[in-house]
Amino acid sequence: MYGVWTVDQVRAAEDVALAKAPDGALMRRAAFAVAVRAAAMLRAATGGVAGRHVVLLVGSGNNGGDALWAGAFLRRRAVAVTAVLFAPDRTHPPGLAALRRAGGRVVDAGDQVAAGRRDLVTGADLVVDGIVGLSARGPLRPAAAAWVAAVTSPVLAVDLPSGVDPDTGHAEPSAVRADVTVTFGAHKPAHVLAAPRCGLVQLVDLGLDLPAPDLEVLGPADVGRAWRLPGPADDKFTQGVTGVAAGSATYPGAAVLAVGSAVRATSGMVRYAGWAADEVRSRWPEVVATGSVADAGRVQAWAVGPGLGTGQAGRDVLAAVLDAGVPTCVDADGITLLARYPDLWDHREPDRTVVLTPHDREFARIAEPLGIELGTDRVAATRELARRLNTVVLLKGHATVIASPGGRTLVNAARSAWLATPGSGDVLTGLVGAALAAGGDPLVAAGAASWLHVRAGELAAGGAPTSASAVVAAVPGAVRAALVSAGRAPGETGELCDHERRYG
Ligand SMILES: NC(=O)C1=CN([C@@H]2O[C@H](COP(=O)(O)OP(=O)(O)OC[C@H]3O[C@@H](n4cnc5c(N)ncnc54)[C@H](O)[C@@H]3O)[C@@H](O)[C@H]2O)[C@@H](O)CC1
Ligand SMILES: Nc1ncnc2c1ncn2[C@@H]1O[C@H](COP(=O)(O)OP(=O)(O)O)[C@@H](O)[C@H]1O
Ligand SMILES: [K+]
Numbered sequence: 005m006y007g008v009w010t011v012d013q014v015r016a017a018e019d020v021a022l023a024k025a026p027d028g029a030l031m032r033r034a035a036f037a038v039a040v041r042a043a044a045m046l047r048a049a050t051g052g053v054a055g056r057h058v059v060l061l062v063g064s065g066n067n068g069g070d071a072l073w074a075g076a077f078l079r080r081r082a083v084a085v086t087a088v089l090f091a092p093d094r095t096h097p098p099g100l101a102a103l104r105r106a107g108g109r110v111v112d113a114g115d116q117v118a119a120g121r122r123d124l125v126t127g128a129d130l131v132v133d134g135i136v137g138l139s140a141r142g143p144l145r146p147a148a149a150a151w152v153a154a155v156t157s158p159v160l161a162v163d164l165p166s167g168v169d170p171d172t173g174h175a176e177p178s179a180v181r182a183d184v185t186v187t188f189g190a191h192k193p194a195h196v197l198a199a200p201r202c203g204l205v206q207l208v209d210l211g212l213d214l215p216a217p218d219l220e221v222l223g224p225a226d227v228g229r230a231w232r233l234p235g236p237a238d239d240k241f242t243q244g245v246t247g248v249a250a251g252s253a254t255y256p257g258a259a260v261l262a263v264g265s266a267v268r269a270t271s272g273m274v275r276y277a278g279w280a281a282d283e284v285r286s287r288w289p290e291v292v293a294t295g296s297v298a299d300a301g302r303v304q305a306w307a308v309g310p311g312l313g314t315g316q317a318g319r320d321v322l323a324a325v326l327d328a329g330v331p332t333c334v335d336a337d338g339i340t341l342l343a344r345y346p347d348l349w350d351h352r353e354p355d356r357t358v359v360l361t362p363h364d365r366e367f368a369r370i371a372e373p374l375g376i377e378l379g380t381d382r383v384a385a386t387r388e389l390a391r392r393l394n395t396v397v398l399l400k401g402h403a404t405v406i407a408s409p410g411g412r413t414l415v416n417a418a419r420s421a422w423l424a425t426p427g428s429g430d431v432l433t434g435l436v437g438a439a440l441a442a443g444g445d446p447l448v449a450a451g452a453a454s455w456l457h458v459r460a461g462e463l464a465a466g467g468a469p470t471s472a473s474a475v476v477a478a479v480p481g482a483v484r485a486a487l488v489s490a491g492r493a494p495g496e497t498g499e500l501c502d503h504e505r506r507y508g
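Letter by letter, the sequence shown follows residues 5 to 508 of this note's numbering.
Next comes the structure, spelled out in structure tokens:
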């Protein structure tokens with residue numbers, strides 16, 4: 005698990021550290037790390053460091069100061085450095101002086117016509133983005149955006165890719181897309197909410213004294229520790245029985261997928277109730293499949309909604325599931341039904357765990373009647389819906405945001421987009437249902453299910469297109485990877501390092 009802190013939290017901690025440290029010491033530490041990473045990137049891209057050309061894009065604040073100091077350090081290694089200043093009269097004075105002393109070249113961004121700009125950046129072996137950091141507001145200004153658009157070389161972002169909102173991760177197309185981001189003191193929300201823009205994220209320790217994090221990111225070991233394993237005294241009923249109420253005559257596949265992921269994620273019993281009982285039985289013979297929730301028998305959690313339909317029949321199923329009074333994951337048509345018929349909430353026992361797993365459109369359906377807009381701040385919207393409905397809300401996306409009613413929030417950033425495939429959400433529903441049935445904290449259960457979903461997607465894809473059925477088949481491998489990380493299963497993981505989030 006690692007923490008993520010908001011700009012306000014980081015600034016408060018930095019102020020304390022700045023007051024204790026000698027003048028400029030923190031910035032030089034930050035900049036030195038940028039220079040070391042820049043040298044490594046130069047070597048990787050060109051086979052060497054000395055004689056290579058680095059262009060610094062320098063804004064008006066301390067982010068630009070970091071870039072300028074990094075340029076000064078790179079000069080010591082005989083790198084040719086050109087700083088492009090976007091605000092020449094407001095450029096960090098000590099950083100600019102240090103670069104000049106070290107023999108760096110300085111140009112005014114405004115003096116360069118388009119051709120000169122293109123020649124400068126296309127001639128670079130590496131571009132260092134020091135346009136804006138923690139103080140970023142809104143999209144890149146047009147002048148900076150034009151320079152960024154001309155970049156063809158690898159990009160190292162200082163603290164954050166410029167143009168990405170630090171707290172929400174929102175980015176317009178003009179924002180910097182970095183290969184590596186070197187950040188200082190703490191991970192900020194943009195690093196997990198806009199991971200593809202950041203590339204590999206390297207955290208430089210500044211010894212900050214930080215409060216409780218605003219967001220948390222589960223790692224494989226956390227998931228491996230949280231996942232329920234059968235013990236010597238267990239049988240098929242004692243590990244948590246998962247019930248799945250999904251699918252319809254029109255959409256039997258949703259039932260097969262949701263059931264399948266629960267079957268592959270646990271060794272406990274999985275029951276199915278619905279119109280696709282024949283299809284489920286023939287695909288998953290280990291499942292007890294019946295036509296109705298009433299006939300299904302006892303379960304410790306229900307997963308309901310995928311492919312259910314939004315008519316009266318689906319409404320009756322959802323009411324019956326909520327009447328059962330066990331933790332419930334509501335997805336897809338289940339969410340649409342709750343949005344359309346809010347009286348369905350009356351079937352829920354007060355405070356009984358409900359996990360909603362909407363994609364954006366489902367989120368809008370259920371949140372807009374409550375006056376909650378899914379704007380650019382996905383974390384705030386998810387938290388607000390969780391609070392208002394007293395449910396865990398898991399908002400799907402490339403970065404999945406999972407909030408508890410009390411506000412504790414997890415983010416799970418995907419490292420590829422192969423999960424954007426039909427039925428993939430049904431697989432997640434089954435995983436959340438299985439995790440809830442096993443017991444434990446519902447937020448962590450939803451977070452663990454989301455982590456396993458992403459990992460199973462990676463294993464199924466292996467860098468090529470995949471399908472929801474293949475993701476189901478990869479679920480045991482994802483569980484194994486988590487268990488191995490937690491030291492609860494033997495074997496090699498081949499785990500991706502938590503901090504190495506690469507896109508594609
Ligand atoms: N405070 C500290 O102790 C440390 C701060 N550090 C650096 O300081 C940075 C923060 O510096 P500042 O607070 O001076 O501000 P920034 O350098 O982030 O921003 C500077 C200015 O950029 C302009 N700007 C805002 N949004 C923009 C946009 N979308 N496009 C173009 N320009 C925009 C604004 O005029 C803003 O004041 C951090 O990101 C980090 O890089 C590091 O040196 C580590 C130590
Ligand atoms: N671009 C993407 N990158 C990573 N994961 C994605 C992306 N798009 C969708 N996903 C994931 O795929 C799943 C899709 O779920 P959903 O929208 O319910 O699809 P379906 O209804 O087809 O099952 C979610 O878990 C979501 O987080
Ligand atoms: K930056």
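Using N, Cα and C, we set each Cβ at its ideal position, and we do this for glycine too.
Asked, Found
"How about the segment 112-128 and the segment 169-189: do they share at least three Cβ pairs that are nearer than 8 Å?", "no"
"Ignoring anything shorter than 3 residues, give me the beta strand (DSSP E) runs that lie fully in the segment 106-130, in order along the chain.", "109-112"
"Might you give, ordered along the chain, the residues of its own chain that have their beta carbon closer than 6 Å to the beta carbon of Gly-65, omitting 5 neighbours on each side?", "Ser-139"
"From this set, Pro-224, Pro-289, Pro-354 and Trp-231, which residue's C-alpha is nearest Asp-445's C-alpha?", "Trp-231"
"Please report the distance separating the alpha-carbon of Ala-452 from that of Leu-348.", "28 Å"
"By Cβ distance below 6 Å, which residues in the same chain neighbour Pro-331 in space, the five residues on each side in sequence not counted?", "Ala-305, Thr-357 and Leu-440"
"What's the call for Val-8, buried or exposed, on a 16-neighbour Cβ count within 10 Å?", "buried"
"Quick one, which of Ala-281, Ala-468 and Val-303 has its alpha-carbon nearest Gly-329's?", "Val-303"
"Looking at Glu-377 and Ala-385, is the spacing between their C-beta atoms short of 9 Å?", "yes"
"May I have the straight-line CA-CA distance separating Leu-432 from Arg-145, to the nearest angstrom?", "40 Å"
"Whole angstroms are fine: how far does the CA of Thr-413 sit from the CA of Thr-395?", "12 Å"
"Tell me which residues share the same chain as Thr-95 and place their Cβ nearer than 7 Å to its Cβ, disregarding the 5 neighbours each side in the sequence.", "Val-62, Ser-64, Gly-68 and Leu-89"
"Please look up how many angstroms separate the CB atoms of Ala-74 and Val-38, rounded, as I've assumed it's under 8 Å.", "4 Å"
"Give the DSSP bridge partners of Asp-133, in chain order.", "Leu-61 and Ala-161"
"If you follow the beta strand (DSSP E) that Phe-188 is part of, which residue opens it and which one closes it?", "184-188"
"If we ignore side chains and look at the alpha-carbon of each, how far apart do Val-297 and Ser-408 end up?", "27 Å"
"Three or more beta-carbon pairs under 8 Å between the segment 34-50 and the segment 76-93, yes or no?", "yes"
"Give every residue of the same chain whose Cβ lies closer than 6 Å to the Cβ of Val-176, excluding the five residues on either side of it in the sequence, and list them in chain order.", "For the record, residue 176 in the displayed sequence is Glu; it is not Val. Result list for Glu-176: Pro-143, in chain order."
"Considering Cα atoms alone, identify which of Asp-381, Leu-393 and Thr-380 is closest to Leu-374.", "Leu-393"
"Check whether the Cβ atoms of Gly-311 and Gly-247 lie closer than 9 Å to each other.", "no"
"Report the three-state DSSP secondary structure of Gly-247 (helix, strand or coil).", "strand"
"Scan the segment 304-364 and note each continuous beta strand (DSSP E) run of 3 residues or more that stays entirely inside, going in chain order.", "305-308, 332-334 and 358-360"
"Ligand 5 and Val-162: does the residue's C-beta get closer than 8 Å to at least one heavy atom of that ligand?", "No copy of ligand 5 occurs in the structure displayed; its ligands are ligand 1, ligand 2 and ligand 3 alone."
"Alpha carbon to alpha carbon, how far is Val-159 from Gly-467? Give it in angstroms, no decimals.", "23 Å"
"Starting from Glu-220, trace the beta strand (DSSP E) in both directions and tell me its first and last residue.", "219-221"
"When we look at the beta-carbon of Arg-365 and count the other beta-carbons within 10 Å, is it buried (16 or more) or exposed?", "exposed"
"Residues in the same chain with beta-carbon distance under 7 Å from Ala-482, minus the five sequence neighbours each way, listed in chain order, please.", "Leu-456, Arg-459, Ala-460 and Leu-463"
"Hey, Gly-108 and Ala-76 are a contact pair by Cβ (cut 8 Å); roughly how many whole angstroms apart?", "7 Å"
"Taking 9 Å as the threshold (C-beta atoms), are Leu-130 and Val-59 in contact?", "yes"
"For Lys-192, count the other beta carbons within 10 Å of its own beta carbon; 16 or more makes it buried, fewer makes it exposed. Which is it?", "buried"
"Could you please give the first and the last residue of the uninterrupted alpha helix (DSSP H) stretch that includes Asn-66?", "66-79"
"Compare the Cα-Cα distances from Ala-161 to each of Ala-182, Val-383 and Gly-338 and report the closest residue.", "Ala-182"
"Thinking just about the alpha-carbon of each residue, which of Arg-229, Leu-210, Val-284 and Thr-380 is nearest to the one in Pro-256?", "Val-284"
"Pull up the distance between the alpha-carbon of Ala-281 and that of Leu-261, whole angstroms please.", "13 Å"
"From Gly-301, Thr-187 and Gly-55, pick the residue whose C-alpha is nearest to that of Ala-71; which is it?", "Thr-187"
"Report the rounded CA-to-CA distance for Ala-493 versus Leu-487, giving the unit in angstroms.", "5 Å"
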